[in-house]
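Undergrad:
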Amino acid sequence: MTTDKQPADSQRSRYQHRVGQRTYHFRDLADLMAKATPARSGDRLAGVAAHNAEERAVAQMALAEVPLKTFLQEALVPYEDDEVTRLIIDDHDAVAFEPIAHLTVGDFRDWLLSDFATPAILERIRAGVTPEMAAAVSKIMRNQDLILVAKKCHVKSAFRNTIGLPGHMSTRLQPNHPTDDTSGIAASILDGLLYANGDAVIGINPATDNVPQACRLINMMAEVIDHYEIPTQSCVLTHVTNTIEAIEQGAPVDLVFQSIGGTQATNDSFGFNLATLAEAQDAALSLKRGTVGDNVMYFETGQGSALSANAHHGLDQQTCEARAYAVARKFRPLLVNTVVGFIGPEYLYDGKEITRAGLEDHFCAKLLGLPMGCDVCYTNHANADQNDMDNLMTLLGVAGCTFIMGIPGSDDIMLNYQTTSFHDALYARRALGLKPAPEFAAWLEKIQIFRDGGSFTLNNQLPDLFQRSLGNLLGGY
Amino acid sequence: MNKHCNGTTPPQGTSSEQRLAANDSPVTDNPWESLRRFTDARIGLGRAGISVPTKHLMEFQLAHARAQDAVHSPLPTEQLIDNLIQQPWCPAGIPFQLHSQADSRAVYLQRPDLGRQLNSSSQQLLQDHHKPTAKAEPYDLAIAIVDGLSSRAIEDNCVPFLSQLIPALTSHSNPWSIAPLALVEQGRVAIGDHVGELLKARCVLVLVGERPGLSSPDSMGLYLTWNPQVGRTDAWRNCISNVRPAGLKYPDAVRKTLYLMEEARAREVSGVQLKDRTDDSVLEQDGSTPSHNHNFLISHD
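Sequence lines, in order, name chains E and S. Counting along the first sequence from 1, when you hit position 57 you're at 57 in this note's numbering, and nothing is skipped either side. Counting the second sequence from 1 gives a position; this note's numbering is that position plus 1000.
1. Throw me the rounded Cβ distance for the residue 1181 of chain S and residue 1074 of chain S pair, which I believe falls under 8 angstroms.
2. Using the beta-carbon of each residue, which ones in chain S are nearer than 7 angstroms to residue 349 of chain E?
3. Based on the DSSP secondary-structure assignment, which residues constitute the bridge partners of residue 418 of chain E?
4. For the alpha helix (DSSP H) that residue 1218 of chain S lies in, which residues bound it at each end?
5. Quick check on residue 140 of chain E - is its C-beta less than 8 angstroms from some C-beta in chain S?
6. Tell me the start and end of each unbroken alpha helix (DSSP H) in the region 138 to 196 of chain E that is at least 4 residues and wholly inside, in chain order.
7. Which stretch, first to last residue, makes up the alpha helix (DSSP H) that contains residue 356 of chain E?
8. What residues from chain C crowd round residue 346 of chain E, counting only those whose CB sits closer than 8 angstroms?
9. Residue 1233 of chain S touches chain E at which residues, Cβ-Cβ below 8 angstroms?
10. Which residues, in order along the region 1181 to 1214 of chain S, keep a beta-carbon less than 7 angstroms from a beta-carbon of chain E?
11. Measuring only the C-alpha atoms, how far is residue 217 of chain E from residue 74 of chain E?
12. Quick check on this structure: which residue in E:412, E:418, E:422 has the alpha carbon closest to the alpha carbon of residue 1040 of chain S?
13. Going by the DSSP bridge assignment, what does residue 1096 of chain S pair with across the sheet?
14. Would a check of beta-carbon distances place residue 1042 of chain S closer than 8 angstroms to chain E?
15. Can you tell me where the beta strand (DSSP E) holding residue 14 of chain E begins and where it ends?
16. Closer than 7 angstroms to a non-hydrogen atom of the ligand MN - does that hold for the CB of residue 343 of chain E?
17. Where does residue 288 of chain E land, buried or exposed, given buried means 16+ other C-beta within 10 angstroms?
18. Taking 8 angstroms as the cut-off, decide whether the C-beta atoms of residue 409 of chain E and residue 1045 of chain S are in contact.
19. Along chain E, which residues have their Cβ under 7 angstroms away from the Cβ of residue 1068 of chain S?
20. Helix, strand or coil for residue 423 of chain E per DSSP?
21. Helix, strand or coil for residue 258 of chain E? Go by DSSP, reduced to three states.
22. Using a Cβ-Cβ cut-off of 8 angstroms, state whether residue 341 of chain E counts as contacting chain S.
23. Given a threshold of 16 other Cβ atoms within 10 Å of its Cβ, counted over all protein chains shown, does residue 13 of chain E qualify as buried or as exposed?
24. Please classify residue 1237 of chain S: does DSSP put it in a helix, a strand, or coil?
25. Can a CB atom of chain E be found closer than 8 angstroms to the CB of residue 1031 of chain S?
26. Buried or exposed for residue 118 of chain E, going by 16 or more other Cβ atoms inside 10 Å?
27. Less than 8 angstroms between CB atoms is the rule here; does residue 448 of chain E satisfy it with respect to chain S?
28. What would DSSP say about residue 1203 of chain S, mapped onto helix, strand or coil?
29. Residues of chain S with CB closer than 9 angstroms to the CB of residue 370 of chain E, please, in chain order.
30. Using a cut-off of 7 angstroms between C-beta atoms, extract the partners of residue 418 of chain E located in chain S.
31. Assuming residue 1251 of chain S and residue 1070 of chain S form a contact by the criterion Cβ under 8 angstroms, report the distance between their Cβ atoms to the nearest whole angstrom.
32. Start and end of the alpha helix (DSSP H) containing residue 270 of chain E?
33. Here's a check: name, in chain order, each residue in its chain whose Cβ is nearer than 7 angstroms to the Cβ of residue 50 of chain E, leaving out the five neighbours to either side.
34. Based on Cα-Cα distance, which residue from E:308, E:394, E:15 lies nearest to residue 29 of chain E?
35. Going straight from the alpha carbon of residue 220 of chain E to that of residue 214 of chain E, what length do you get?
36. Measuring only between beta-carbons, confirm whether residue 1129 of chain S sits less than 8 angstroms from chain E.
Shown next as structure tokens:
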């Protein structure tokens, strides 16, 4: 029998749980959330993880009994100190919350899985769900729960095409090059388009991150999109302040990119605040470059960024990640994706942890109403391989993931990591019947990249349009 | 060139359209494969159905295997020390064989903090080194050779790089005094500051295996800190990356290192305060391939 020393009543947290003879105590809501989180290296590194498997299971039982209302009363990061907390609390919609206001975290899981929670109802409660509520319920859900509920959350966004329709999955064409060489980038764009990729965005991570370079790449992609009349959008993934400057200099910017985190201190370390994002959104909207919609923002997130910036306030990394989605949804993005395996094994150790995190991030973001995609990826020092990526990509495809990355042969020669390939996207289409954005699909058929869009069958010949541009180049070699 | 003929004859009774004719390949090549001259990206791979052909799958698996081996193979420190002490340029004194506080690769990968500090016996070894010569002049330079995330990077690049760097330092008009070399297992970049501080060196140069890329399992990084002390952040360090035969070649890496070291010694600073100047005068002179900067996708219209 365990003999716990009982702290004085005044100091005792409300968060405790009795199992048999033993009462487990949790310091506060943040401690309970962290200890209830499925095991991962980043929480161990931060010193917030459960000490053993039983403590984790008991924490999950205790968390299941916490009323959802508690998350509106107990801020995990102080309201006074953090503009992300203020955003979450100030923007909370009490009317939308009404239908679920009486539930505990455990009841919420049952409700989400039940037939009451239809896509229409889930859309109606969105603004009443806070990131902390989403994170809490995800911690007590199995992978199949995360998939099933995410699949019911339909989130549509649009710019030059329509992203996120049920039964569809888009791809970001990522033509990175270690020296931003134009011909090298053009070669990867061509490869991606001819493998039917690029409806989410053609998005370049620049090797040299400054305004002139961003403008050069933005212009280059705008010319390609314009010339081939591709119903898609472009983005250079440079700092938000660079993109604002590029717009001021007249660059044809489609989407504004920024990496975001779930605490003000994380975003400080990234060099922006909410006002910066608002300014950037206004600037991009003023260009009116969208044809079927006006979602102009593209955000990337990933568990571990807050700890890495020493800005996690003692929270577990998944709760910090979910809070970043409050930042994202304020600005009605076209695209958001978690870069799940990029940060390294000190945050997500192996394929199992990466898979779990990818499903959690996708679920939480969808529940909160974001067009969530995933960079299904790993680095060479993580204990993961292509088979882990095949598994996660398939699971996310089943879950209705908005988009994945597409890159030549899975090998990013600039960022030195592996993500999903152009071929992988076609695998997911064939295995799961997932279509590209409708406007883009029509373009693929019109210019004969797809010989048969219904079976995702590619043309064996170079399409005429590209033959005209490339004839001399290919013939002359 | 990606064609695979499996050579087996179809079983009798298969209808003619089902039978794979001997000259038919299940692999569709891409006519734009020749564009690989513009990029190392894996473009134009062709396809089996919509999947990556076997040949390219095998090549990818080999590259990933090499990258993983680079992370997980231990540094053969004794072999490396034997090799180093036979070199005419090897600084006086038996090289130190040191270890971080991460006692295994699994711990190392999950606890970066432990990889930044020497374990107690390694600390003792460096402290004892100074006792007999307590009144001697401090060393100008300590060189820490650290496995980091690629032991292969160190195995392949450390000796040829140092064989060009050290003679240049010792034959300098104002020669650098160099501490015995320090080899560190399970170390991160910042452990060099611990080594430099305990050896009472005015400057530390860290040679470290970088996180391996699929096509660069052997990439070595160089980090320079003036006045090394435990707790220094990246802002104090200058970095030269991708040192390897297929990346930044040894003579270029040596030239950049010498420039940074001379600047650091003259101004008694390192890191951000040096970086701004070197970006203009040195790092621009990269011997990288000439840029194409030509958007062929719209140039023939």
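Glycine included, C-beta positions come from ideal geometry on N, C-alpha and C.
TA: A quick look at the data gives this:
1. Actually they are not in contact, since the Cβ atoms of residue 1181 of chain S and residue 1074 of chain S sit about 18 angstroms apart, beyond 8 angstroms.
2. Residues of chain S passing the Cβ test: 1110.
3. DSSP lists E:378, E:411 as partners of residue 418 of chain E.
4. It is not in any alpha helix (DSSP H) - residue 1218 of chain S carries neither H nor E in the DSSP assignment.
5. Under the Cβ criterion of 8 angstroms, residue 140 of chain E is not counted among the residues facing chain S.
6. With a minimum length of 4 residues, the continuous alpha helix (DSSP H) runs that stay inside the region 138 to 196 of chain E are 143 to 152, 182 to 194.
7. It spans 351 to 367 - the alpha helix (DSSP H) in which residue 356 of chain E sits, taken as one unbroken run.
8. As a matter of chain content, chain C is missing from the structure shown, whose protein chains are E and S.
9. What residue 1233 of chain S touches in chain E: nothing, since even the nearest Cβ is about 11 angstroms away.
10. For the region 1181 to 1214 of chain S, the beta-carbon criterion of a distance under 7 angstroms to any beta-carbon of chain E is satisfied by 1211, 1212, 1213, 1214.
11. Looking at the two C-alpha atoms, the distance is approximately 46 angstroms.
12. Ranking E:412, E:418, E:422 by Cα distance to residue 1040 of chain S puts E:412 first.
13. For residue 1096 of chain S, which the question treats as bridged, DSSP gives the partners S:1182.
14. Yes - at least one Cβ of chain E is within 8 angstroms of the one on residue 1042 of chain S.
15. Here residue 14 of chain E belongs to no beta strand (DSSP E), and DSSP marks it neither H nor E.
16. For the structure depicted, the ligand MN is absent and the ligand set is empty, with no information on it obtainable.
17. So residue 288 of chain E counts as exposed.
18. Yes, the pair counts as a contact, with Cβ atoms nearer than the cut-off.
19. Result: 380.
20. Assignment of residue 423 of chain E by DSSP, reduced to helix, strand and coil, places it in the helix class.
21. Looking at residue 258 of chain E - three-state DSSP - the assignment turns out to be strand.
22. Chain S, which has no Cβ nearer than 8 angstroms to the Cβ of residue 341 of chain E, makes this no.
23. That one is exposed.
24. It is a strand residue.
25. By this cut-off, residue 1031 of chain S is an interface position.
26. Residue 118 of chain E comes out exposed.
27. No - not a single Cβ of chain S is within 8 angstroms of the one on residue 448 of chain E.
28. DSSP, reduced to helix, strand and coil, places residue 1203 of chain S within a strand of the structure shown.
29. Residues of chain S passing the Cβ test: none, with the nearest at roughly 29 angstroms.
30. Result: 1214.
31. 24 angstroms between Cβ atoms; not a contact.
32. Start and end: 264 to 270.
33. In its chain, beyond the 5 residues on either side, 35, 56, 59 have a beta carbon closer than 7 angstroms to the beta carbon of residue 50 of chain E.
34. Looking at the Cα atoms, E:15 is the closest of the given residues.
35. Across the structure, residue 220 of chain E and residue 214 of chain E are spaced so that their CA atoms are roughly 10 angstroms apart.
36. Answer no: the Cβ-Cβ gap between residue 1129 of chain S and chain E never drops below 8 angstroms.
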